[in-house]
Structure formats: structure tokens, C-alpha cells
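S.K.: Chains E and X supply the protein sequences, listed in that same order. Note that my numbering has the first sequence beginning at 12, numbered continuously upward. Note that my numbering has the second sequence beginning at 51, numbered continuously upward.
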Amino acid sequence: MAIQTLVLDPITLTLVLSGVMTLAIVIIYVIAAVLRRGRISVEGDEMYIGGESEEVLRNKVPSVLALYWGILSRAWRRSVKYLRDSIHTGVLNDWYGYMGMWLSLLLIVAIVAILIYVK
Amino acid sequence: MDIAITILNTLVATIIFPGLIFITALGLFSEWFYRKAVARMQNRMGPAYTGPFGILQPLADMLKLFLAKEVKKQRYSSILLAELGLVIAIASIVASLFMLPLSPIRFSAPYDIIVLMYLYGVWHFIGLVIAALAYPNPFVVAGLSRLIALTVVIEPSIFASLLVPAILVSSSCQQPFSIICIATNSWSAWFKSPLAFVAMALALASLIVSLLAKLWLKPFDIPEAEQELIVGHITEFSGGLLALYNLSHDIKFAFAAILITYLFLGGPYPYSHLSIEGIVLLIVKYLAALYVLTLIRASFGRRRIEQGISLIMKYSLIPSIIAIVLSITAVIIT
Numbered sequence: 012m013a014i015q016t017l018v019l020d021p022i023t024l025t026l027v028l029s030g031v032m033t034l035a036i037v038i039i040y041v042i043a044a045v046l047r048r049g050r051i052s053v054e055g056d057e058m059y060i061g062g063e064s065e066e067v068l069r070n071k072v073p074s075v076l077a078l079y080w081g082i083l084s085r086a087w088r089r090s091v092k093y094l095r096d097s098i099h100t101g102v103l104n105d106w107y108g109y110m111g112m113w114l115s116l117l118l119i120v121a122i123v124a125i126l127i128y129v130k
Numbered sequence: 051m052d053i054a055i056t057i058l059n060t061l062v063a064t065i066i067f068p069g070l071i072f073i074t075a076l077g078l079f080s081e082w083f084y085r086k087a088v089a090r091m092q093n094r095m096g097p098a099y100t101g102p103f104g105i106l107q108p109l110a111d112m113l114k115l116f117l118a119k120e121v122k123k124q125r126y127s128s129i130l131l132a133e134l135g136l137v138i139a140i141a142s143i144v145a146s147l148f149m150l151p152l153s154p155i156r157f158s159a160p161y162d163i164i165v166l167m168y169l170y171g172v173w174h175f176i177g178l179v180i181a182a183l184a185y186p187n188p189f190v191v192a193g194l195s196r197l198i199a200l201t202v203v204i205e206p207s208i209f210a211s212l213l214v215p216a217i218l219v220s221s222s223c224q225q226p227f228s229i230i231c232i233a234t235n236s237w238s239a240w241f242k243s244p245l246a247f248v249a250m251a252l253a254l255a256s257l258i259v260s261l262l263a264k265l266w267l268k269p270f271d272i273p274e275a276e277q278e279l280i281v282g283h284i285t286e287f288s289g290g291l292l293a294l295y296n297l298s299h300d301i302k303f304a305f306a307a308i309l310i311t312y313l314f315l316g317g318p319y320p321y322s323h324l325s326i327e328g329i330v331l332l333i334v335k336y337l338a339a340l341y342v343l344t345l346i347r348a349s350f351g352r353r354r355i356e357q358g359i360s361l362i363m364k365y366s367l368i369p370s371i372i373a374i375v376l377s378i379t380a381v382i383i384t
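(1) Distance cutoff 8 Å, beta carbons only. Does ALA121 of chain E sit that close to anything in chain X?
(2) Which partner residues of VAL18 of chain E appear in the DSSP bridge assignment?
(3) Could you spell out the range, first to last residue, of the alpha helix (DSSP H) harbouring GLU120 of chain X?
(4) Count the CB pairs spanning the segment 53-63 of chain X and the segment 81-91 of chain X that are closer than 8 Å, and state whether there are at least three.
(5) Could you work out which residue in X:PRO186, X:PRO215, X:LYS122 is closest to ILE378 of chain X when comparing CA atoms only?
(6) ILE51 of chain E by DSSP, collapsed to three states: which one?
(7) Against chain X, with Cβ distances strictly below 8 Å, would ARG95 of chain E count as a contact?
(8) Would you decide whether THR311 of chain X is buried or exposed? Buried here means 16 or more other CB atoms lie within 10 Å of its CB.
(9) Considering only the alpha carbon of each residue, which of X:ARG196, X:PRO206, X:TYR341 lies closest to TRP266 of chain X?
(10) Of all the options X:GLU120, X:PRO226, X:TYR185, X:LEU315, which has the alpha carbon lying nearest to the alpha carbon of SER52 of chain E?
(11) For GLU274 of chain X, which of helix, strand or coil comes out of DSSP?
(12) Considering only residues of the same chain and omitting the five flanking positions on each side of SER127 of chain X, which have a CB-CB separation below 8 Å?
(13) Could you list the residues in the segment 288-302 of chain X with a C-beta less than 7 Å from some C-beta on chain E, going in chain order?
(14) Could you give the DSSP three-state label for ARG352 of chain X: helix, strand or coil?
(15) Note the first and the last residue of the continuous alpha helix (DSSP H) segment covering VAL259 of chain X.
(16) Kindly give me the distance between the Cβ atoms of ILE359 of chain X and LEU262 of chain X, rounded to whole angstroms, as I take these residues to be in contact under 8 Å.
(17) Using only alpha-carbon positions, find the residue among X:LEU178, X:ILE129, X:PHE189, X:GLN92 that is nearest to ALA141 of chain X.
(18) Grab the span of the alpha helix (DSSP H) containing ILE176 of chain X for me, first residue to last.
(19) Does DSSP put ILE346 of chain X in a helix, in a strand, or in coil?
(20) Residues of chain E with a CB under 8 Å from the CB of TYR168 of chain X: which are they?
(21) Any Cβ of chain E within less than 8 Å of the Cβ of ILE176 of chain X?
(22) Starting from THR60 of chain X, find everything on chain E with Cβ-Cβ shorter than 7 Å and list it in chain order.
(23) Does the structure place the segment 326-344 of chain X close enough to the segment 103-114 of chain X that three or more beta carbon pairs sit under 8 Å?
(24) Going straight from the alpha carbon of ILE217 of chain X to that of ILE374 of chain X, what length do you get?
(25) Do LEU340 of chain X and ALA307 of chain X have their CB atoms nearer than 8 Å?
(26) In whole angstroms, give me the CA-to-CA distance for HIS283 of chain X and LEU134 of chain X.
(27) As a quick exercise: from X:PHE67, X:PHE116, X:TYR170, X:TYR99, pick the residue whose alpha carbon is nearest that of ARG50 of chain E.
Okay, here's the thing in C-alpha cells:
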């Protein structure tokens with residue numbers, strides 16, 4: 012097989028390589044399924060022990076919110092603690108101040124975006 | 051007719067070289083090399099009995115899991131989703147190989163470095179997340195949340211590191227920021243100027259750190275963390291599923307060494323792929339990349355998640371951004 016270089020544009024390349032990926036997915040999946048040949052054990056599957064209640068465990072995936080807070084509280088522990096200490100002071104004025112600050116920032120960003128778009 | 055031949059060549063390349071058969075063999079060899087080297091560093095024998103020097107041990111392990119062990123179905127699991135996720139993770143790397151000069155049929159485009167990150171950074175990760183979430187368990191979710199937190203820092207670091215050789219060599223190519231352009235010219239980027247050399251060295255060090263973290267090798271084996279989380283996001287995998295996971299990890303390991311070999315060390319260049327000098331140079335560079343990854347893994351213990359993230363920021367993300375600034379300066383000066 013001679014060496015062949017195909018120069019495409021980035022979008023066509025993405026589509027072609029996605030096609031190659033799909034082809035590889037089908038081939039690997041068939042090989043894996045043939046090798047496994049239905050060797051599935053269900054022994055003891057009712058004995059599942061989890062730290063959550065039934066309606067949480069029944070979900071195929073955990074809630075997005077649980078993953079979000081899981082990541083935040085584990086990875087950015089110091090930042091979360093700082094934010095919690097500065098916002099959750101129990102003083103209503105602190106909360107108003109914080110929300111006012113963020114909403115003003117969003118308002119400014121929105122105005123700038125509109126001005127740029129109109130120009 | 052030409053299109054038919056191209057499709058046929060692509061099919062052959064997907065199955066044989068550099069696709070499934072080649073990358074599986076390379077992944078299993080890389081696992082053997084890694085296990086043997088780490089064992090020698092720790093005064094152990096490592097794989098010794100299956101095949102010469104135990105080289106067939108990873109293959110034997112994989113076949114045993116596939117052919118002799120059962121997949122354990124759990125009450126809330128989906129075997130189909132888990133298999134699909136792991137297969138996506140493997141296939142994304144197989145597709146990425148077509149952008150490297152290693153492949154006899156190469157696909158290239160200007161700025162295709164973004165397509166590489168789309169396949170290797172996004173799809174590989176999504177595949178693993180789908181697979182892990184298909185077997186819910188408190189340890190799996192804890193491991194997965196650590197994995198996602200690490201990925202948020204790892205992927206920008208890898209992308210920033212890969213941009214450095216791209217910036218330095220793109221002026222000499224017809225397709226700027228393409229993987230083929232970087233791979234064929236990166237060896238010369240080291241010698242362009244002292245500033246370019248420093249930028250390449252910084253970016254290479256950053257890439258090695260971020261790839262170690264992407265492979266969850268020590269000190270970044272935080273999502274697996276045996277003594278804390280059983281094995282984290284793969285706690286519930288068994289039989290064929292565990293074999294697929296191990297294979298996806300081996301292939302990712304091999305691909306990491308291939309990325310270092312081609313995009314920073316220049317692969318076989320200035321020789322051609324089909325010359326003896328080129329092949330020897332390629333093998334030496336590949337083994338050197340594997341050895342460095344293995345050496346760092348064997349030298350450290352595991353860090354906690356926040357320590358791991360700050361390590362990646364300190365030794366990978368920030369140096370890679372500095373390297374980008376230096377490479378842009380080097381291009382402007384020259």
C-alpha cells in the first residue's frame with residue numbers, strides 16, 4: 012500500500028475521522044461481544060449495597076448537580092470554603108451585595124455584547 | 051475508482067496498521083515494558099514466565115479476562131453502555147492515529163490540531179465517563195468526580211503544550227497547525243533559536259506531566275486510589291469489561307508515548323519511515339518516551355486530589371502557557 016496523504020478542510024476531516032471512529036467502534040464491539048460470548052453472572056446482584064436510597068440508585072447516571080458539587084467540593088475545596096464563608100454569612104445584606112455585584116457584571120457584559128453585535 | 055481504493059485502504063488501515071491490531075500489540079508491549087521497568091526499579095522480577103522475558107503476560111491477562119472470567123452484572127448496571135463507552139474510548143485513539151505520519155494513509159487539514167484534541171481529549175474522556183457511570187456505586191462516583199476534576203486541568207495543559215511546536219514550525223508548512231506539519235518539522239524546532247529551545251523544553255516537560263495525569267499514573271492515580279476508593283471509577287468492572295478497560299488504558303499509554311515521539315522528538319525525521327536509520331531512531335525515541343513516563347511513575351507516591359491539581363497547574367499548565375509566550379516571541383524575533 013503506497014503512502015497517501017489526503018489534505019482536507021477541518022470540517023471534512025472531522026467528519027471523515029468520526030466515520031473512521033464509528034467503523035472502529037463497530038469492529039471492536041463485535042470482537043468484544045464474540046470473545047465474551049454472553050458470559051454474564053447475575054449471582055448475588057440483589058445484594059448491591061450503596062450509600063444512597065433506592066430512587067437515587069435506580070438512576071442509570073447520578074444527577075448532574077451531585078457530580079457538579081462532588082467536583083467542586085473535592086477539587087476546589089479552598090475556593091468553595093472562601094465563597095461559602097463570604098456569602099453564607101447569615102446577613103441578608105451580604106447576599107444582596109453579592110447578587111447585585113454578579114448581576115451588574117452580567118448586565119455590563121450583555122450591554123457590551125449588544126453594542127459589539129450592533130456595530 | 052480512486053475513492054473506492056481510498057475507502058478500502060482506510061478500512062485496512064483501521065483494522066491492521068496503524069489501527070486495531072497494531073495499536074493493540076503496541077499497547078500490550080508498552081504495558082509489558084512499563085511493568086518490567088517498574089519492577090526492576092523496585093527490585094522485583096516483573097512478568098517473567100509467559101513468552102520470552104514475560105513479554106506475552108499482558109496478552110495472557112487480557113485473554114484470561116475475556117475468555118475465562120464472567121462479567122458481573124450488578125442490580126443497577128448496564129453492560130451495553132459500559133462496553134460502548136470503553137469501545138468509544140479505544141476507537142477515538144484509533145481515529146487519532148490517522149493524523150500522524152505513522153499511518154500509510156494520512157488525513158490532514160490546516161489547524162487539525164483542534165481535531166486531535168476533539169478526538170483524543172473529548173471523545174476518549176466521554177467514553178470513559180459513559181463506561182464508569184454505567185456501573186453506579188459510591189466509590190465509582192467518588193472516583194469519577196476526581197477524574198472529571200483532574201481532566202478540567204489536564205486537557206488545557208496538553209493542548210497548550212502541543213501548541214508550542216505548532217507555533218514554532220507552522221511558518222514552514224502549507225497546512226499551518228496541522229499534526230503532519232508538526233510531526234515532520236518538530237525535530238528542527240529545537241534548533242531554531244535558544245528561545246525556541248527553551249520553549250520546546252518547557253512544553254515537553256509540561257506535556258509529560260499532563261500525560262502522566264491523563265494516564266492516572268503515580269503521582270496522579272487519584273481517581274483509582276486503591277486504599278481509599280477500592281479502585282474508584284472501575285470498581286465494578288470484571289471479566290471482558292475489565293479486559294476492555296485495561297486495553298483502553300494500554301492503548302492510551304502507547305498513544306501518549308507516540309505523541310511525545312512524533313510531536314516533540316520528531317519521530318524518524320530527518321530520515322524517512324522506510325529507512326533503517328528512520329526505524330531505529332523511531333524505536334529509540336519511543337522507548338525513551340516510555341522510559342521517562344515509567345521512571346516518573348516509579349519515583350513518586352500518590353498525592354491527594356487538591357495536591358494533584360495544584361501539581362498539574364504548577365508543573366504543567368503554567369509552564370505550558372509560558373512556553374507559548376516564549377514560542378510566539380521566538381517566532382516574532384526570527
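Ideal placement from N, C-alpha and C gives every residue a C-beta, glycine not left out.
M.R.: Short version:
(1) Chain X contact via Cβ: absent.
(2) According to DSSP, which records beta bridges pairwise, VAL18 of chain E is partnered with X:SER158.
(3) For GLU120 of chain X, no alpha helix (DSSP H) run applies, since DSSP gives it neither H nor E.
(4) no
(5) Per the Cα distances, X:PRO215.
(6) strand
(7) no
(8) buried
(9) X:ARG196
(10) The shortest C-alpha separation from SER52 of chain E is found at X:GLU120.
(11) If DSSP states are grouped into helix, strand and coil, GLU274 of chain X belongs with coil.
(12) Excluding sequence positions up to five before and after SER127 of chain X, its CB lies within less than 8 Å of the CB of ALA184, TYR185, PRO186, GLU286, all in the same chain and listed in chain order.
(13) If you check each beta-carbon in the segment 288-302 of chain X against every beta-carbon of chain E, the ones closer than 7 Å belong to GLY289, GLY290, LEU294.
(14) coil
(15) Start and end: 244-264.
(16) At roughly 14 Å, the Cβ-Cβ gap does not stay under 8 Å, so ILE359 of chain X and LEU262 of chain X are not in contact.
(17) X:LEU178
(18) In the DSSP assignment, ILE176 of chain X falls within the alpha helix (DSSP H) that extends over 174-183.
(19) helix
(20) THR25
(21) no
(22) VAL31
(23) no
(24) 8 Å
(25) yes
(26) 16 Å
(27) X:PHE116
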